[in-house]
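What follows is a single structure, written as structure tokens, with notes after it.
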Amino acid sequence: MSSETIHHFAATGHFENICQIEDITPGTGVCALVGGEQVAVFRPDASEQVFAIHNMDPFARSNVLSRGLICEHQGEYWVASPLKKQRFQLKTGLCMEDERFSIRTFAARVTNGYVEVSSGEKE
């Protein structure tokens, strides 16, 4: 296990510990409170790669995305809302079905076996 795996970007806020990487089953997500907001944290495979997005489904207006199904499309990971099934790219938050919609993304990393999410915006 590496001491730190950072997902593609830098963050402007401080990182908060969420849980140990082993606490997230590969192919699933969990919900965490980060800076007072519900954040969906996903571990799409058995690696230490993690993604964090806002938990609010903009179509259903419900905090449910952490319970969504992870899929891979053209080399990118997406999550399908458990309610209305719209898919959101985990890296960018863009909605596959309607590009007018996107959700907020957060910087996420694994440091010494712990998943951390930034309370600030991605750069």
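Residue 101 in full-length UniProt numbering sits at position 101 of the sequence shown; the count goes up by one each step and never skips.
Ideal Cβ positions, reconstructed from N, Cα and C, are used throughout, including at glycine.
- Between the alpha carbons of threonine 28 and valine 115 lies a distance of about 14 Å.
- In chain order, Val115 place their CB closer than 6 Å to the CB of cysteine 19, counting only its own chain and leaving out the 5 sequence neighbours on each side.
- In the structure shown, the three-state DSSP call for glutamate 72 is strand.
- Among the bridge pairs identified by DSSP, methionine 56 is matched with Asn63.
- According to the DSSP assignment, cysteine 95 belongs to no beta strand (DSSP E), since it is labelled neither H nor E.
- Within 10 angstroms of the beta-carbon of alanine 52 lie 16 or more other beta-carbons, which makes it buried.
- Look at glutamate 22 here: in three-state DSSP terms it is helix.
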